[in-house]
Structure formats: C-alpha cells, structure tokens
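A.B. asks: Dropping a structure here in structure tokens format, bear with me for questions.
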Amino acid sequence: MNKKALSIIFLVIGGLALLPYPFLMIGNIMQIAGVRSGGESALLLFVVFAFVIVSSLYLSTYLVCLILAIVKRKQGILLISAIPLFHLLLVFALLLVWFLFE
975 MNKKALSIIF LVIGGLALLP YPFLMIGNIM QIAGVRSGGE SALLLFVVFA
1025 FVIVSSLYLS TYLVCLILAI VKRKQGILLI SAIPLFHLLL VFALLLVWFL
1075 FE
C-alpha cells in the first residue's frame, strides 16, 4: 500500500473519531463546571484535567493535520496524517489512567 492511500486511511479513521466529539465536549464542560468533593488527590485532579484538555484539543489537532496533509501532499504526509491517531492514543491512555485512579 502506498503512502498516499495509507495517509488517507489514517485521516478517515481520525475523522470518524470526530463523530462523538460534540458529546465529549458537553461532558468536558460539565466536568469543569462540576463541584468537587474536596477529597480528591492532586494526582487524580491532574489526570482528569489533562484528559479534559487533551480531548478538547483533538479537533484542532485533526484540522491542522488535515490542512497540512492537503497542502504538503508528498513531504511527510504519512507522519502528518498519523498525528491525530497518536493524539487519540494519548486521550485513551489518559482515560485509562483516570479509570485506574477512580
């Protein structure tokens, strides 16, 4: 499979991850606006806010990489189109750490 086809597949997979994005943003806003009990550890708060920030920034990461992939065409297109997938891996890793701390 050539680089162009693989990069298109990566961008489509990254684009499919945008389908639940509006619901994720609603949850992130509710998480920020929610009242804390006061008994949370500092590490748990760090993980939760890191998840909220990283998951909220996914749309901008995807759009920047999509624009760069369209503009660059050949130079580094595979790496550029894989960046949103790495971003998603980071989001899922933070979610897993959050679940483990809860």
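Per the numbering used here, the sequence shown starts with residue 975, numbered consecutively. Note that beta-carbon positions come from the ideal geometry of N, C-alpha and C, so glycine has one too. Remember, it's a predicted structure, so these values are computed and weren't measured experimentally.
Just curious, the alpha helix (DSSP H) that residue 989 is in, first and last residue?
C.D. replies: Within the sequence shown, numbered from 1, the residue matching residue 989 stands at position 15. Looking at the DSSP string, the run of the alpha helix (DSSP H) that includes residue 989 is 977–990.
A.B. asks: May I ask you to report which of helix, strand or coil DSSP gives residue 1001?
C.D. replies: Taking the sequence shown and counting its residues from 1, the one referred to as residue 1001 is at position 27. In this structure, residue 1001 counts as helix in the three-state DSSP scheme.
A.B. asks: Output the distance between the C-alpha atoms of residue 1027 and residue 1055, rounded to the nearest integer angstrom.
C.D. replies: Taking the first residue of the sequence shown as position 1, residue 1027 is located at position 53. Taking the first residue of the sequence shown as position 1, residue 1055 is located at position 81. About 21 Å.
A.B. asks: State the Cα-Cα distance for the pair residue 1047 and residue 983, rounded to the nearest angstrom.
C.D. replies: If you number the sequence shown from 1, residue 1047 lands on position 73. If you number the sequence shown from 1, residue 983 lands on position 9. The straight-line gap from Cα to Cα measures roughly 14 Å.
A.B. asks: For a test of the three-state rule: what should DSSP assign to residue 1009, helix, strand or coil?
C.D. replies: The count along the sequence shown starts at 1 and reaches residue 1009 at position 35. Residue 1009: coil per DSSP, three-state reduction.
A.B. asks: Specify whether the region 1067–1074 and the region 1001–1008 touch according to this definition: at least 3 beta carbon pairs, one from each stretch, less than 8 Å apart.
C.D. replies: no
A.B. asks: Considering only residues of the same chain and omitting the five flanking positions on each side of residue 991, which have a CB-CB separation below 6 Å?
C.D. replies: Indexing the sequence shown from 1 puts residue 991 at position 17. Hits under 6 Å: 1062.
A.B. asks: With the cut-off set at 9 Å, would you say residue 998 and residue 1075 are in Cβ contact?
C.D. replies: On the sequence shown, residue 998 is found 24 positions in, with the first residue counted as 1. On the sequence shown, residue 1075 is found 101 positions in, with the first residue counted as 1. No, these two residues do not count as a Cβ contact at 9 Å.
A.B. asks: From what residue to what residue does the alpha helix (DSSP H) around residue 1053 run?
C.D. replies: As a first step, residue 1053 must be located in the sequence shown, where it is residue number 79. It spans 1051–1075 - the alpha helix (DSSP H) in which residue 1053 sits, taken as one unbroken run.
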